[in-house]
Amino acid sequence: MIAMLIPMKTQYKDGGTVEYKAVLYSVRKNHSLKTENYRTGCLIGTEVRILNLTVYDDSEFVPDNIEHVLSPAE
């Protein structure tokens, strides 16, 4: 029973996202590069899941300060 609560750390190569995952829950600290509505930026925040159901998610898209907007043709 205790083994279901011990998390394993996984670090992704997408900009700095770290996930702590156990059998019963997972916590993901997002920090990844993302494109949204043809704008580049970062997805930053924390997501908590218990039994694969999201109970907390404050992740938000933070656009770059660069005025470069990607066009649909690119």
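With numbering that gives the first Met the number 0, the residue at position 54 of the sequence shown is 53, and numbering never jumps. Where is the CB? At the ideal position from N, CA and C, for every residue including glycine. Keep in mind it's a predicted model, so treat the numbers as computed, not measured.
For E5, the nearest candidate out of G14, L52, E18 (CA to CA) | Numbered from 1 along the sequence shown, position 6 holds the residue referred to as residue 5. One detail in the question is off: residue 5 reads as Ile in this sequence, not Glu. Residue E18 is the option with its Cα nearest to I5.
In the structure shown, what three-state DSSP assignment does L4 receive?
-> Here the question's residue 4 lines up with position 5 in the sequence shown. In the structure shown, L4 adopts helical secondary structure according to DSSP, grouped into three states.
Taking all protein chains shown into account, decide if N29 is buried (16 or more other Cβ within 10 angstroms of its Cβ) or exposed.
-> The residue you call residue 29 lines up with position 30 of the sequence shown. Buried is the call here.
Local conformation of S58 per DSSP, three classes = Within the sequence shown, the letter at position 59 stands for residue 58. Coil.
Measure the alpha-carbon distance for D57 versus E46 and round it to whole angstroms.
-> For the purposes of this step, residue 57 is identified with residue 58 of the sequence shown, where counting begins at 1. For the purposes of this step, residue 46 is identified with residue 47 of the sequence shown, where counting begins at 1. Counting only the Cα atoms, E46 lies some 7 Å from D57.
What did DSSP end up calling V47 once you bin it into helix, strand or coil?
-> In the sequence shown, counting from the first residue as 1, residue 47 sits at position 48. Three-state result, V47: strand.
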